[in-house]
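This report refers to the structure that appears directly beneath it.
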Amino acid sequence: MSSFQIIVGSMLGGTEYVAEACEQQLLALGHQVELHLPPVFEQINRNNQTWLICTSTHGAGDYPDNFQQFAADLENNDQDLSSVKTLVIGTGDTSYDTFCKAAKNIEKLLLSKGCNKILPLKTIDMSQDIDPEEVAANWIEENSDHL
Ligand SMILES: Cc1cc2nc3c(=O)[nH]c(=O)nc-3n(C[C@H](O)[C@H](O)[C@H](O)COP(=O)(O)O)c2cc1C
Numbered sequence: 671m672s673s674f675q676i677i678v679g680s681m682l683g684g685t686e687y688v689a690e691a692c693e694q695q696l697l698a699l700g701h702q703v704e705l706h707l708p709p710v711f712e713q714i715n716r717n718n719q720t721w722l723i724c725t726s727t728h729g730a731g732d733y734p735d736n737f738q739q740f741a742a743d744l745e746n747n748d749q750d751l752s753s754v755k756t757l758v759i760g761t762g763d764t765s766y767d768t769f770c771k772a773a774k775n776i777e778k779l780l781l782s783k784g785c786n787k788i789l790p791l792k793t794i795d796m797s798q799d800i801d802p803e804e805v806a807a808n809w810i811e812e813n814s815d816h817l
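All residue numbers in the sequence shown are consecutive under the working numbering, ending with 817.
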């Protein structure tokens, strides 16, 4: 069993549903889960935790409004995050050149701070995938051996 901190960036609510589907799937697999929306960096447990980031992209490749402070605080953080495992789900729209750029950027930032990536970035095209919550939950289940 692992302990998960789900960290959510969402403006219109679509990614919030995706994050909640992940929460339900992780609980069903017997993990401990806390969900942060909006995420407050200092309140997120970093002691032998797995951080699951679920974020959309807005503007021209930008973080959602409710996620910008978390990203800024992470960037300014000097503490050791090497005990944090991380995985990222990005939601976006493939009609943008900057498809899921916020998710790609936060993953880079997490790795630069010493976090350990346990799965490759998962992207979900919200304009094409009929059931994004199911896509995310299935991805968690398919990779449950690595969590
Ligand atoms: C103003 C605006 C800008 C967007 N820019 C991007 C973008 O640069 N890249 C991308 O992949 N998706 C972009 N999207 C698509 C959103 O990421 C997508 O609609 C997503 O489902 C929104 O998730 P949320 O409801 O959790 O905020 C944009 C959407 C809007 C409304």
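No residue lacks a Cβ here, since even glycine has one placed at the ideal position from N, Cα and C.
For a test of your reading of the model: does the CB of residue i fall under 7 Å from any non-hydrogen atom of ligand 1? Yes or no.
i: C692; result: no
i: G784; result: no
i: Y733; result: no
i: M671; result: no
i: E686; result: yes
i: A730; result: yes
In angstroms with no decimal places, state the Cα-to-Cα distance between residue i and residue j.
i: S752; j: A807; result: 26 Å
i: V688; j: L789; result: 17 Å
i: D732; j: Q738; result: 9 Å
i: L696; j: L705; result: 11 Å
If I measure Cβ to Cβ from residue i and keep anything under 6 Å in the same chain, skipping five residues before and after, which residues do I get?
i: V758; result: I723, A773, E777 and L791
i: F769; result: G762
i: A691; result: E803, A806 and A807
Under the three-state reduction of DSSP, which class applies to residue i: helix, strand or coil?
i: K783; result: coil
i: D799; result: coil
i: L817; result: coil
Can you list, in chain order, the residues of its chain whose CB lies under 8 Å from that of residue i, leaving out five sequence neighbours each side?
i: M671; result: G700, H701 and Q702
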